[in-house]
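Visitor: Residue numbers (my numbering): 487 to 887. Ideal Cβ placement from N, Cα and C applies to all residues, glycine included. First the structure, which I've put down as structure tokens, then a few questions once you've had a look.
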């Protein structure tokens, strides 16, 4: 579906919608560790909330992507944003009950899992539908640049989210969550008013009942790379707050602010790479991915070997650079590898990759952190290296075929 080019206005609406969810997610990542400890949850319980909801996201995103192939992208994007709003308010309300002492222990943990997973079930609609909308309106030559521009939404959200959380956390650890819910509601209103729908006649022409699988040989290497890099990244991200609080003896609010600052550094470099290198270099998607994995490997190695703030900042910068190179390339490469009628389906699969990574990474890192703190980033470094080897072997087989 490339009958019309993605206009600047359409791209802006998509970016703002994804930025709203990106801000919300980064707020959660910045405050969840100290907030969980405030209600007496253990490290593994806290990371399991992210892991469980990520599993739901991974299962639901491909379904929403295929659904958008049938009913259109716009209603699915709006559904995801409204689900994010309601789910975030519910998640924050359960934490509020925990802070008041109304619910505690395993009951609190179970309610938080239920609230977060319910939210994720619906919010997972926004990303694949937005990516498919962008793919519908871009040619193959424009695809990598378009996906990189769309990727700036998450990057900008990840930059702004920690900054907002640091300010709002002074009002209480729950204030950032309520803000995120309101922001997603405003984004849903913007999409409803400003984003043109995909014409039904085009949906009918391109609709296919063929179900794209994760192991489809056209995209399996790209999807595996996406899963691997987010296993490694989430392992670092979800234990970063614990490490900062324990090493620097910070309070809950200070931990949220420091974690937010570290995530801002990472996201700033992601945004910089997407606005510069991804727009100017003319490389194959897999070449971008290999460069990104090398940067991620350097970042993980730095974080594993130091507790000094300047080197910590450098490590986060390398991680941000790696993400900025990898994810737009994976999205573009997967989109180019499939047919027009499979754009929603493949966008759903790509959107599921980070979620699958967040299922495995936080659980492994949470368990390893309880044994020895530096094991979490070391685990990430090993994962990045294995993905890099896997991609190199795949390309070698492709050349010899």
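1) State the CB to CB distance for the pair residue 428 and residue 615, rounded to an integer number of angstroms; the pair is presumed to be in contact (CB under 8 angstroms).
2) Just to confirm before moving on: does the CB-CB distance between residue 798 and residue 789 stay below 8 angstroms?
3) In or out: residue 848 buried (at least 16 other Cβ within 10 Å) or exposed?
4) For residue 591, name the three-state secondary structure that DSSP assigns.
5) When burial is assigned at 16 or more other CB atoms within 10 Å of the CB, is residue 701 buried or exposed?
6) Assuming residue 555 is part of the alpha helix (DSSP H), what are its boundary residues?
7) Closest to residue 762 by C-alpha separation, out of 731, 749, 632, would be which residue?
8) Please check the pair residue 486 and residue 869, which I expect to be a contact at CB under 8 angstroms, by giving their CB distance rounded to whole angstroms.
9) Here's the rule: buried if 16 or more other CB atoms are within 10 angstroms of the residue's CB, otherwise exposed. What is residue 627?
10) If I measure Cβ to Cβ from residue 483 and keep anything under 8 angstroms in the same chain, skipping five residues before and after, which residues do I get?
11) Given a cut-off of 8 angstroms on the beta-carbon distance, is the pair residue 551 and residue 806 in contact?
12) Please state whether DSSP places residue 700 in a helix, a strand or coil.
13) Which residue's Cα is closest to the Cα of residue 725: 681, 532, 670, 493?
14) Would you grab the beta carbon distance between residue 707 and residue 491 for me? Rounded to a whole angstrom, and I think it's under 8 angstroms.
15) Using only the alpha-carbon positions, how far apart do residue 698 and residue 828 sit?
16) Pick from 664, 547, 713: whose alpha carbon is nearest that of residue 876?
17) Closer than 7 angstroms by C-beta to residue 497: which residues in its own chain qualify, once you throw out the five before and the five after it? Chain order, please.
18) Report all residues from its chain with a CB closer than 6 angstroms to the CB of residue 729; omit the five preceding and five following residues, and keep chain order.
19) In chain order, what residues of the same chain have a beta carbon less than 6 angstroms from the beta carbon of residue 630, not counting five sequence neighbours either side?
Guide: Per the coordinate set shown:
1) Residue 428 cannot be examined here, being either before or after the span of the chain that is shown, 487 to 887.
2) yes
3) buried
4) helix
5) exposed
6) 529-557
7) 632
8) The chain is shown from 487 up to 887; residue 486 falls before or after that span and cannot be answered.
9) Exposed: under 16 other Cβ atoms inside 10 Å.
10) This structure leaves residue 483 out entirely; the chain is present only between 487 and 887.
11) In this structure, residue 806 does not lie closer than 8 angstroms to residue 551 by Cβ.
12) coil
13) 532
14) Approximately 30 angstroms separates the beta-carbon atoms of residue 707 and residue 491; this is outside 8 angstroms, ruling out the contact.
15) 7 angstroms
16) 713
17) 635
18) Cβ-Cβ distances below 6 angstroms link residue 729 to 859 in the same chain, with the five nearest sequence neighbours on each side left out; the list follows chain order.
19) 818
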